[in-house]
Structure formats: C-alpha cells, structure tokens
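Okay, so here's the structure we're looking at.
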Amino acid sequence: MSFSPFVDLADLIVYRMLGFAPTTRLGDSIHFFVLDTSKIFFLLFVIVFGVALLRSFFPPEKIKRILSHRLEFTGNILAATLGIVTPFCSCSAVPMFIGFVESGVPLGVTFSFLVSAPTVNEVALVMLWGLFGWKIALIYMMTGLTIAIISGFMIGRLGLENQVEDYVYQIKMADADGGTPSFRERAISAWSYTKSLLKRIWPYVLIGIGLGSLIHGYVPIGLVATYAGKGNPFAVLIAVLMGIPLYSNAAGTIPIVQALIEKGLPMGTALAFMMSVVAISPPELIILRKVLKPKLLAVFVAMVAVAIVIIGYIFNVIL
Amino acid sequence: MEIKVLGPGCVNCQTLGKNVEAALSDLRLDIGVEKVTDYEQILSYGVMSTPAIVIDDKVVVSGRVPAKDEVKRLIERAK
Chain A
19 MSFSPFVDLA DLIVYRMLGF APTTRLGDSI HFFVLDTSKI FFLLFVIVFG VALLRSFFPP
79 EKIKRILSHR LEFTGNILAA TLGIVTPFCS CSAVPMFIGF VESGVPLGVT FSFLVSAPTV
139 NEVALVMLWG LFGWKIALIY MMTGLTIAII SGFMIGRLGL ENQVEDYVYQ IKMADADGGT
199 PSFRERAISA WSYTKSLLKR IWPYVLIGIG LGSLIHGYVP IGLVATYAGK GNPFAVLIAV
259 LMGIPLYSNA AGTIPIVQAL IEKGLPMGTA LAFMMSVVAI SPPELIILRK VLKPKLLAVF
319 VAMVAVAIVI IGYIFNVIL
Chain B
173 MEIKVLGPGC VNCQTLGKNV EAALSDLRLD IGVEKVTDYE QILSYGVMST PAIVIDDKVV
233 VSGRVPAKDE VKRLIERAK
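From first to last, the protein sequence lines stand for chains A and B. In short: position in the first sequence from 1, add 18, done, that's our numbering. In short: position in the second sequence from 1, add 172, done, that's our numbering.
Printed below as a string of structure tokens:
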C-alpha cells in the first residue's frame with residue numbers, strides 16, 4: 019500500500035505553505051507529524067467503520083455458542099481467532115467473561131479470548147500495515163494469536179476454576195436474541211461506534227504521533243540501538259515491564275514504536291513493548307478483579323507477560 | 173410498556189440512554205426508562221455485550237448503539 023498522496027499533502031503543507039526546510043530537524047519533525055496524523059486518522063475512519071460493520075455479524079452471544087463445550091486447544095485456537103473481530107471495550111469484559119463461563123466455555127479457552135480480543139485488533143493491525151507494511155502486520159497477528167493460545171491453554175491446565183469469584187457460577191442466563199438488524203441499521207450503528215471510538219482515542223493518537231515526531235527529528239540514530247539494541251540482553255524484559263502499567267491503545271503506541279525502530283530499536287523488543295501496553299492495563303485488571311480472585315489475576319498477568327517476553331527474544335533472534 | 177437500558181454506565185450506554193429518551197419524547201410517550209447497571213441483572217437477560225435495550229422483558233438490541241430513528245421503530249414494533 020502506498021501512501022504517496024499523504025506524503026504529497028505533508029510536503030505541500032509543511033514545506034510549501036508553512037515554509038519549513040526539509041533539512042532542518044524542526045521541519046523534519048513537523049513533516050513526520052503531519053504525514054502520520056493525516057494517514058492514521060484516514061485509516062482509522064475507514065477501517066474502524068469496516069470492522070464495526072463486520073462485527074455486527076459476530077455478536078458475543080453467537081461466539082459463546084460456538085465456543086461452548088469445546089475441547090481444549092482447538093477451543094483455544096478458535097477463541098483467539100474470534101478475538102480478532104470481536105468488540106472489546108473494558109465495560110464488556112465482565113459480562114462476556116461471565117457469559118462464557120456460564121455457558122460452559124472452558125476457563126482456559128475464555129482466557130485465550132481475553133488475551134486476543136484487546137491485543138490483536140483491527141486498529142493495531144491496520145496501523146502496522148500502514149506504517150510498517152503487511153509483513154509486520156501479519157507477524158504481529160500470528161504472534162498475538164500464539165500468545166493468546168498458549169497462555170490460555172496453560173491457564174486451562176492449571177485447574178484454577180476455584181479462583182473465579184463464586185457468584186460467577188451462580189448466575190443463570192437467558193438465551194437472548196437481539197433481533198436481526200437491517201444492513202442500514204448495522205451501518206448506522208457502526209458509524210456511531212466509529213465516531214465514539216475516535217472521540218475517545220484521538221488524544222492518545224495525537225500524543226503518540228507528537229512524541230514519535232520528536233523522537234524522529236531529535237533523537238540521534240544509534241542512541242536507542244546503544245541502550246536498547248540487541249546487545250542489551252535485558253531490553254525485552256525491561257520493555258515488557260515498562261509496557262504493563264502504561265495504558266494506551268495500539269493507535270497511540272504504534273507511532274512511537276515506529277520512530278524508535280527507525281532509531282535502532284530491534285523489532286522483537288518493539289513488538290513485545292507494544293503487546294504489553296495493549297494486552298495488559300491497570301483499568302482492565304481492576305475490571306477483571308470483579309470476576310477473578312487475586313491469585314488467578316496474578317497468574318493471568320504473569321503468564322501473558324512471560325509469553326510476550328519469550329516471543330520478543332525469539333523475534334530479535336530471527337528477524 | 174416497560175423499557176430498560178442495560179449497561180454498566182460506559183459512554184456507549186449513556187449515548188443509548190439519551191437516544192431512547194429522545195425517541196420516547198418524539199413519539200410523545202410518557203414512559204420512564206429504567207437503567208439497569210447491575211451485571212447480574214444484565215446477564216439474566218442473556219446480554220453479553222452492552223449496551224442493550226429491553227422492551228417488555230424482551231431484548232431488542234444488544235452490543236451496539238442504535239440511532240434515535242431505529243429506537244423509534246423498535247418501540248413502535250413492540251406496541
């Protein structure tokens with residue numbers, strides 16, 4: 019995919035209209051900012067709308083029926099894959115979790131879904147595709163799925179069903195059928211979703227692009243490579259530990275990561291950092307605490323973190 | 173008629189609540205909207221993705237925010 023119209027637009031605005039010189043650091047930073055901002059907001063509008071429309075055909079009530087009483091492993095693979103297209107906002111995490119458990123989806127399979135849904139999403143994939151190319155987007159997707167499958171499978175093996183809050187098992191659900199909306203109704207809802215999502219994430223995106231632009235223009239090449247390059251054996255571990263408490267979405271994280279990679283951050287370290295930012299966040303953990311006892315919550319965080327670290331090191335070796 | 177909006181109170185749920193109230197006032201119906209925020213109650217309707225609209229104990233929409241006009245149609249249909 020070529021983004022040359024956006025490059026032309028940024029050239030026109032920054033160099034011709036505003037009169038910055040392409041060779042100065044400031045001009046370079048501003049150009050990067052304008053280019054990424056226009057490109058990313060365009061992609062977000064188009065893709066978020068498209069996926070929201072697609073999602074309306076996969077409501078969680080349907081996914082629950084697909085995953086119910088699945089065997090382990092195939093169930094984990096299926097759950098992780100379905101996590102790509104499903105809506106996941108933190109306010110839906112609890113009802114989804116309870117709904118899955120109540121309808122007989124195994125605990126480990128539920129966790130595969132819980133890891134995959136926030137990590138591998140359309141916003142992350144399309145931004146990676148736009149900024150790094152389809153290979154990296156594909157690698158990210160496969161990696162995210164692998165982490166979701168493996169960590170869910172391991173959690174399933176640990177027999178921690180007693181570490182789910184007891185009331186979860188007492189809830190009885192009716193089988194709801196939300197009706198079948200017309201295409202027009204789906205489109206209107208998808209548009210309203212797109213607007214509300216963009217309203218929520220635009221500050222993260224702008225801050226992300228702003229920091230990315232500063233790094234792009236002012237951080238000398240090699241600085242990142244010296245401290246966080248392949249020579250530092252702890253870089254992946256530190257990146258993941260830093261990423262866990264950070265709360266941002268893929269849209270805000272990717273521009274920063276793009277700039278850091280340009281300055282010599284290895285791909286594996288970068289992907290590990292991104293994943294730890296989006297996969298685990300304090301607000302999500304606070305919400306999950308309503309259904310998980312502390313021990314299971316800790317196992318969940320540890321399992322996902324370890325899986326991300328391992329994947330990070332593997333990619334640094336093979337990429 | 174009894175109308176409920178299910179959702180823990182996130183942005184989408186608030187938007188839906190407003191759409192439902194606007195639809196009711198357009199239709200000149202004087203019906204209160206009950207907001208159900210308790211997870212256990214939400215789930216008892218079989219709803220996993222919020223927000224949702226329940227009319228007379230039947231889930232008519234879940235997991236998305238229908239616009240005012242669609243809500244109007246849903247209410248008319250349930251009458």
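All C-beta atoms in this analysis are idealised placements derived from N, C-alpha and C, irrespective of residue type, glycine included.
Per-residue burial, residue i [other beta carbons within 10 Å of its own, 16 or more giving buried]
{"i": "Met19(A)", "result": "Note on Met19(A): pLDDT 43, under 50, position unreliable in the model; the coordinate value appears next. Flag for Met19(A) reads exposed."}
{"i": "Leu53(A)", "result": "buried"}
{"i": "Ile304(A)", "result": "exposed"}
{"i": "Glu120(A)", "result": "buried"}
{"i": "Gln276(A)", "result": "buried"}
{"i": "Gly122(A)", "result": "exposed"}
{"i": "Ala111(A)", "result": "buried"}
{"i": "Arg34(A)", "result": "exposed"}
{"i": "Leu100(A)", "result": "buried"}
{"i": "Val64(A)", "result": "exposed"}
{"i": "Val32(A)", "result": "buried"}
{"i": "Tyr92(A)", "result": "Per the sequence shown, the amino acid found at residue 92(A) is Thr instead of Tyr. It is exposed - the Cβ of Thr92(A) has fewer than 16 other Cβ atoms within 10 Å."}
{"i": "Gly297(A)", "result": "The question names Gly, yet the displayed sequence has Ala at residue 297(A). Buried."}
{"i": "Ala97(A)", "result": "buried"}
{"i": "Thr128(A)", "result": "buried"}
{"i": "Gly235(B)", "result": "buried"}
{"i": "Arg175(A)", "result": "exposed"}
{"i": "Glu79(A)", "result": "buried"}
{"i": "Arg338(A)", "result": "Because chain A is modelled from 19 through 337, residue 338(A) falls outside the range shown and cannot be assessed."}
{"i": "Pro312(A)", "result": "exposed"}
{"i": "Gly126(A)", "result": "buried"}
{"i": "Tyr211(B)", "result": "buried"}
Euclidean distance between Cα positions of residue i and residue j
{"i": "Glu280(A)", "j": "Ile262(A)", "result": "23 Å"}
{"i": "Gly330(A)", "j": "Ala288(A)", "result": "8 Å"}
{"i": "Leu61(A)", "j": "Gln186(B)", "result": "27 Å"}
{"i": "Ala138(B)", "j": "Phe252(A)", "result": "Beyond the ends of chain B as shown, which are 173 and 251, falls residue 138(B); an answer cannot be given."}
{"i": "Leu196(B)", "j": "Ser134(A)", "result": "39 Å"}
{"i": "Ser299(A)", "j": "Phe318(A)", "result": "12 Å"}
{"i": "Asp198(B)", "j": "Val226(B)", "result": "19 Å"}
{"i": "Arg88(A)", "j": "Met159(A)", "result": "23 Å"}
{"i": "Thr198(A)", "j": "Thr271(A)", "result": "36 Å"}
{"i": "Gln188(A)", "j": "Met172(A)", "result": "25 Å"}
{"i": "Arg200(B)", "j": "Ala70(A)", "result": "32 Å"}
{"i": "Ser221(B)", "j": "Met114(A)", "result": "7 Å"}
{"i": "Val182(A)", "j": "Pro136(A)", "result": "21 Å"}
{"i": "Ile95(A)", "j": "Ser130(A)", "result": "8 Å"}
{"i": "Trp152(A)", "j": "Val103(A)", "result": "18 Å"}
{"i": "Val66(A)", "j": "Asn139(A)", "result": "10 Å"}
{"i": "Lys240(B)", "j": "Arg218(A)", "result": "21 Å"}
{"i": "Leu255(A)", "j": "Ala290(A)", "result": "9 Å"}
{"i": "Pro180(B)", "j": "Gly189(B)", "result": "12 Å"}
{"i": "Cys182(B)", "j": "Thr212(A)", "result": "16 Å"}
{"i": "Pro221(A)", "j": "Phe51(A)", "result": "14 Å"}
{"i": "Leu278(A)", "j": "Asp26(A)", "result": "24 Å"}
{"i": "Thr55(A)", "j": "Ser231(A)", "result": "10 Å"}
{"i": "Ser22(A)", "j": "Glu90(A)", "result": "46 Å"}
{"i": "Thr164(A)", "j": "Asp46(A)", "result": "38 Å"}
{"i": "Gly148(A)", "j": "Ile247(B)", "result": "43 Å"}
{"i": "Leu306(A)", "j": "Gly235(A)", "result": "40 Å"}
{"i": "Phe150(A)", "j": "Met292(A)", "result": "14 Å"}
For residue i: DSSP bridge partner residues
{"i": "Ala135(A)", "result": "Answer is none; Ala135(A) lacks a bridge partner."}
{"i": "Lys207(B)", "result": "Val177(B)"}
{"i": "Lys230(B)", "result": "Ile227(B)"}
{"i": "Leu310(A)", "result": "Val182(A)"}
Cβ separation of residue i and residue j, assumed to be a contact under 8 Å, to the nearest whole Å
{"i": "Leu283(A)", "j": "Ala323(A)", "result": "Leu283(A) to Ala323(A), Cβ: 19 Å. No contact."}
{"i": "Val237(B)", "j": "Ser74(A)", "result": "11 Å between Cβ atoms; not a contact."}
{"i": "Ile326(A)", "j": "Val258(A)", "result": "5 Å"}
{"i": "Lys267(B)", "j": "Val243(B)", "result": "Any question about residue 267(B) goes unanswered here, given that chain B covers just 173 to 251."}
{"i": "Lys82(A)", "j": "Gly117(A)", "result": "5 Å"}
{"i": "Ala208(A)", "j": "Ser216(B)", "result": "Ala208(A) to Ser216(B), Cβ: 28 Å. No contact."}
{"i": "Ile58(A)", "j": "Ala269(A)", "result": "7 Å"}
{"i": "Ile239(A)", "j": "Ile274(A)", "result": "About 16 Å separates the two Cβ atoms, so there is no contact after all."}
{"i": "Lys251(B)", "j": "Met173(B)", "result": "7 Å"}
{"i": "Asn334(A)", "j": "Lys248(A)", "result": "6 Å"}
{"i": "Val192(B)", "j": "Val205(B)", "result": "5 Å"}
Chain C contact for residue i (CB, 8 Å cutoff)
{"i": "Val243(B)", "result": "Of the protein chains in the structure, A and B, none is chain C."}
**OP:** Could you list the residues in the stretch 112-126 of chain A with a C-beta less than 7 Å from some C-beta on chain B, going in chain order?
**Re:** Val112, Pro113, Met114, Ile116 and Gly117
Original post:
What are the residues of the stretch 200-234 of chain B that lie near chain A, defined by any Cβ-Cβ distance shorter than 8 Å?
Top reply: Tyr211, Glu212, Ile214, Leu215, Ser216, Tyr217, Gly218, Val219, Met220, Ser221, Thr222, Ala224, Val231, Val232, Val233 and Ser234
Original post:
Relative to chain B, which residues along the stretch 63-82 of chain A have a C-beta separation below 9 Å, given in chain order?
Top reply: Ala70, Arg73, Ser74, Pro77, Pro78, Glu79, Ile81 and Lys82
Original post:
Which residues, in order along the stretch 212-224 of chain A, keep a beta-carbon less than 9 Å from a beta-carbon of chain B?
Top reply: Ser214, Lys217 and Arg218
**OP:** Return the residues of the stretch 41-59 of chain A that lie within a Cβ-Cβ distance of less than 7 Å from chain B, sorted by chain order.
**Re:** So the list is empty, because no residue satisfies the distance condition.
**OP:** Closer than 8 Å, Cβ to Cβ, to anything on chain B: give me those residues from the stretch 293-305 of chain A, in chain order.
**Re:** Cβ contacts with chain B: none found.
Original post:
If contact means a Cβ-Cβ distance below 8 Å, which residues of the stretch 176-196 of chain B contact chain A?
Top reply: Gly179, Pro180, Gly181, Cys182, Val183, Asn184, Cys185 and Thr187
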